[in-house]
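Engineer: Taken in order, these protein sequences are the chains called A and B. The first sequence: position 28 = 1508 (this note's numbering), numbered continuously. The second sequence: position 5 = 14 (this note's numbering), numbered continuously. We put the CB at the ideal spot given by N, CA and C, even for glycine.
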Amino acid sequence: MFEARLNNATTLKKILDAIKDLLNEGTFDCSDSGIQLQAMDNSHVSLVSLTLRSDGFDKFRCDRNLSMGMNLGSMAKILKCANNDDTVTIKAQDNADTVTFMFESQNQEKVSDYEMKLMNLDQEHLGIPETDYSCVVRMPAMEFARICRDLAQFSESVVICCTKEGVKFSASGDVGSANVKLAQTFNVDKEEEAIVIEMQEPVVLTFACRYLNAFTKATPLSNQVQLSMSADVPLVVEYRIAELGHIRYYLAPKIED
Amino acid sequence: MQRDIRSFYKTA
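(1) Check residue 1561 of chain A in the structure and name its three-state DSSP category.
(2) Residue 1634 of chain A and residue 1696 of chain A look like a contact to me (Cβ under 8 Å); what is the Cβ gap, rounded to whole Å?
(3) Using a Cβ-Cβ cut-off of 8 Å, state whether residue 1614 of chain A counts as contacting chain B.
(4) Terminal residues of the continuous beta strand (DSSP E) containing residue 1720 of chain A?
(5) Can you look up residue 1630 of chain A in the DSSP assignment and give me helix, strand or coil?
(6) Assign residue 1725 of chain A to one of two classes, buried (16 or more other C-beta atoms within 10 Å of its C-beta) or exposed (fewer than that).
(7) What separation, rounded to the nearest whole angstrom, lies between the Cα atoms of residue 1535 of chain A and residue 1484 of chain A?
(8) If the cut is a Cβ gap below 8 Å, which residues of chain B does residue 1639 of chain A touch?
(9) So, does the CB of residue 1694 of chain A fall closer than 8 Å to a CB anywhere in chain B?
(10) Would you decide whether residue 1548 of chain A is buried or exposed? Buried here means 16 or more other CB atoms lie within 10 Å of its CB.
(11) I want to see whether chain B comes within less than 8 Å of residue 1750 of chain A, judged by CB atoms only; does it?
(12) Please report the straight-line C-alpha distance between residue 1704 of chain A and residue 1730 of chain A, rounded to a whole angstrom.
(13) Within the chosen definition, does the region 1670-1684 of chain A reach the region 1599-1610 of chain A through at least 3 CB pairs nearer than 8 Å?
(14) What runs of the alpha helix (DSSP H), each 4 residues or longer, lie entirely inside the region 1642-1726 of chain A?
(15) In chain B, which residues lie less than 8 Å from residue 1732 of chain A when you measure between Cβ atoms?
(16) According to DSSP, which residues form a beta bridge with residue 1541 of chain A?
(17) Taking 8 Å as the CB-CB cut-off, is residue 1496 of chain A touching chain B?
(18) Which residues of chain B have a Cβ atom closer than 7 Å to the Cβ of residue 1714 of chain A, listed in chain order?
(19) How about the region 1709-1719 of chain A and the region 1681-1695 of chain A: do they share at least three Cβ pairs that are nearer than 8 Å?
(20) Run down chain B in chain order and give the residues with a C-beta less than 9 Å from the C-beta of residue 1735 of chain A.
(21) Any beta carbon from chain B within less than 8 Å of residue 1739 of chain A's own beta carbon?
(22) Are residue 1591 of chain A and residue 1489 of chain A closer than 8 Å when you measure CB to CB?
(23) Which residues of chain B have a Cβ atom closer than 8 Å to the Cβ of residue 1520 of chain A, listed in chain order?
(24) Quick one: list the residues of chain B neighbouring residue 1524 of chain A, beta-carbon separation under 7 Å, in chain order.
(25) Considering only the alpha carbon of each residue, which of A:1651, A:1505 and A:1558 lies closest to residue 1632 of chain A?
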């Protein structure tokens, strides 16, 4: 028996919004430690890794490890049927071929349940080792989303250059060129407005704007985003989900043709 | 050129 409850459907809606543009389907691996999903986009350029800890749920029970392959478009249709302040419970029997989403209104007067067929997905799982990155940048998630959106107008790629002075995002194309420089902040009142750079070695890396913009769909989940970079390895874009877990996106850098 | 993410990590 698997049962996971969140007192507010908003978080789950936001999580799905953060992955459904990149992934058509995904396997939710459930164990007593929580729920994990790892999946690559169709073109195998990026990878999404979602971790939701069991202690972040309002109720969590998982008697046996369970892998639930879900069509994320179908899941999105179902979650649209939940009000933001509904309690959402995800339920499945052991070895079941369906999952049930139950939504309960705050006053308990409306209870709806939606059953969805599970899929057998043959997905490759990649082992991602713990890595010390040359540069780790923490910045407001909204600012990162704004920069990615703005620079995508100029080019398909953005160059991220990180030094101890700051981080620079650049794009150039037919229209011209664009550069956005952010300096590390000191003495900001609010932690969520801070720009913090931890640098061991400076890095310059090029990434596809299309994917960065897809990652920023996670912006509503977190005030801050963390970018981890080293030469010639995938960028990690991490959004923490308060008291529940995190979503990490891995993106292979572009190299000279 | 865009590299494949699988070229960086081993299959678990």
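Structural biologist: Short version:
(1) Looking up residue 1561 of chain A in the first sequence gives position 81. In the displayed model, residue 1561 of chain A falls within coil according to three-state DSSP, outside both helix and strand.
(2) Position 154 of the first sequence, counted from the start, is the residue given in the question as residue 1634 of chain A. Position 216 of the first sequence, counted from the start, is the residue given in the question as residue 1696 of chain A. A Cβ-Cβ distance of about 17 Å is found for the pair residue 1634 of chain A and residue 1696 of chain A, leaving them out of contact under the 8 Å criterion.
(3) Taking the first sequence and counting its residues from 1, one reaches residue 1614 of chain A at position 134. Taking Cβ atoms only, chain B never reaches closer than 8 Å to residue 1614 of chain A, which makes this a no.
(4) Mapped onto the first sequence, residue 1720 of chain A falls at position 240. Where residue 1720 of chain A is concerned, the enclosing beta strand (DSSP E) stretches over 1715-1721.
(5) If you number the first sequence from 1, residue 1630 of chain A lands on position 150. If DSSP states are grouped into helix, strand and coil, residue 1630 of chain A belongs with the helices.
(6) By 1-based counting over the first sequence, the position of residue 1725 of chain A is 245. The residue in question, residue 1725 of chain A, is buried, as its Cβ has 16 or more Cβ neighbours within 10 Å.
(7) Sequence index remark: in the first sequence, residue 1535 of chain A carries index 55 (1-based). Sequence index remark: in the first sequence, residue 1484 of chain A carries index 4 (1-based). So the two alpha carbons sit approximately 10 Å from each other.
(8) Walking along the first sequence from the start, residue 1639 of chain A turns up at place 159. None at all; the shortest Cβ gap to chain B is about 15 Å.
(9) By 1-based counting over the first sequence, the position of residue 1694 of chain A is 214. Residue 1694 of chain A does not count as touching chain B.
(10) The residue you call residue 1548 of chain A lines up with position 68 of the first sequence. Burial of residue 1548 of chain A is indicated by the presence of at least 16 other C-beta atoms within 10 angstroms of its C-beta.
(11) Since the first residue of chain A shown is 1481 and the last is 1737, residue 1750 of chain A is not available in this structure.
(12) The residue you call residue 1704 of chain A lines up with position 224 of the first sequence. The residue you call residue 1730 of chain A lines up with position 250 of the first sequence. The alpha-carbon atoms of residue 1704 of chain A and residue 1730 of chain A are separated by roughly 17 Å.
(13) no
(14) 1689-1695
(15) Position 252 of the first sequence, counted from the start, is the residue given in the question as residue 1732 of chain A. Correct list: 11, 12, 13, 14, 16 and 17.
(16) Along the first sequence, one-based indexing puts residue 1541 of chain A at 61. According to DSSP, which records beta bridges pairwise, residue 1541 of chain A is partnered with A:1483.
(17) Start at 1 with the first residue of the first sequence, and residue 1496 of chain A comes out as number 16. No, no contact with chain B.
(18) Locating residue 1714 of chain A in the first sequence gives position 234, counting from the first residue. Those within 7 Å of residue 1714 of chain A in chain B are 14 and 17.
(19) yes
(20) Within the first sequence, the letter at position 255 stands for residue 1735 of chain A. Residues of chain B passing the Cβ test: 10, 11 and 12.
(21) What is shown of chain A runs 1481 to 1737, which leaves residue 1739 of chain A out entirely.
(22) Here residue 1591 of chain A corresponds to residue number 111 of the first sequence, with the count starting at 1. Here residue 1489 of chain A corresponds to residue number 9 of the first sequence, with the count starting at 1. Cβ atoms of residue 1591 of chain A and residue 1489 of chain A: not closer than 8 Å.
(23) Here residue 1520 of chain A is taken as the residue at index 40 of the first sequence, counted from 1. Residues of chain B passing the Cβ test: 14 and 15.
(24) Taking the first sequence and counting its residues from 1, one reaches residue 1524 of chain A at position 44. What residue 1524 of chain A touches in chain B: 13, 14 and 15.
(25) Here residue 1632 of chain A is taken as the residue at index 152 of the first sequence, counted from 1. Of the listed residues, the one whose Cα sits closest to residue 1632 of chain A is A:1651.
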